[in-house]
Amino acid sequence: MKNVLFSCIFSVASLMGTGCTSTSISDSLALIEEEDRRENHQAVNKQVLMSIQALRSTQKATKDTYTFIYSLDNKELSYSDKNTIAQLLTRKNQAIINIAPAKGANKLEQLNLSMERAKALRQYIIRFNQKITINFSPELSVDTINLVIGA
2 MKNVLFSCIF SVASLMGTGC TSTSISDSLA LIEEEDRREN HQAVNKQVLM SIQALRSTQK
62 ATKDTYTFIY SLDNKELSYS DKNTIAQLLT RKNQAIINIA PAKGANKLEQ LNLSMERAKA
122 LRQYIIRFNQ KITINFSPEL SVDTINLVIG A
């Protein structure tokens with residue numbers, strides 16, 4: 002009887018120990034698998050990030066420059082030049098327009114005509130929703146504007 006009782010206690014103890022041990026091992030394996038998933042997930046994100054950065058470095062920002070010429074003593078560009086500017090501005094979100102000094106008898110006339118040209122140009126391009134900057138550039142050839150797209 003002692004043997005049977007001892008066997009029952011031993012069996013119950015071993016089953017309880019096995020249950021706790023198996024639960025502990027199962028929990029440990031689950032933690033290890035979860036940790037592996039996190040590491041793999043981070044590695045994938047790093048790989049994707051590195052791929053995106055590599056693509057960005059291969060893509061160069063395009064910057065196109067166009068020059069337009071004003072008629073003598075005219076504050077408006079020609080109709081065809083305006084159409085060309087409109088087509089260029091609808092393709093890109095950002096542009097810089099550099100206005101050269103105008104021809105004139107003196108500095109005041111040159112500045113006045115340049116200001117009139119800038120005002121007329123601003124009125125024309127105001128309908129475009131892009132960011133357009135107009136600068137006065139004395140280093141340009143007289144009676145010209147320089148349009149830089151994608152700057």
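All letters in the sequence shown, in the order written, are residues 2 to 152 by our numbering.
Every residue, glycine too, gets a C-beta built ideally from N, C-alpha and C.
Do we get a CB-CB distance below 7 Å when we pair residue i with the residues of chain B?
{"i": "T91", "result": "Here there is only one protein chain, and chain B is not present."}
Apart from the five residues on each side of it in sequence, which residues of its chain come closer than 8 Å, Cβ to Cβ, to residue i?
{"i": "S138", "result": "N99, I100, A101 and N147"}
{"i": "I33", "result": "none"}
{"i": "F129", "result": "A87, L90 and T91"}
Would the beta-carbon of residue i fall within 7 Å of that of residue j?
{"i": "I150", "j": "L89", "result": "yes"}
{"i": "A106", "j": "K76", "result": "no"}
So residue i and residue j are in contact, right, with Cβ under 8 Å, and what is the actual spacing, rounded?
{"i": "Y71", "j": "T145", "result": "7 Å"}
{"i": "K104", "j": "L73", "result": "7 Å"}
Exposed or buried, residue i, counting other C-beta atoms within 10 Å across all chains shown (16 or more means buried)?
{"i": "L114", "result": "buried"}
{"i": "I86", "result": "buried"}
{"i": "Q55", "result": "Per the sequence presented here, residue 55 reads as Ala, with Gln not at that position. Counting Cβ neighbours within 10 Å, A55 comes out exposed, since fewer than 16 surround it."}
{"i": "R118", "result": "buried"}
{"i": "A96", "result": "buried"}
So the candidates are the options; which of them puts its Cα closest to the Cα of residue i?
{"i": "K93", "options": "M51, K132 and N84", "result": "K132"}
{"i": "V143", "options": "Y125, Q124, K108 and R123", "result": "K108"}
{"i": "I126", "options": "M116, N84 and D65", "result": "N84"}
To which residues of the same chain is residue i closer than 7 Å at the C-beta, ignoring the five residues directly before and after it?
{"i": "R57", "result": "none"}
{"i": "D82", "result": "F69"}
So, for residue i: in the same chain, excluding its five sequence neighbours on each side, which residues have a beta-carbon less than 6 Å away from its beta-carbon?
{"i": "E140", "result": "none"}
{"i": "Q124", "result": "none"}
{"i": "L112", "result": "none"}
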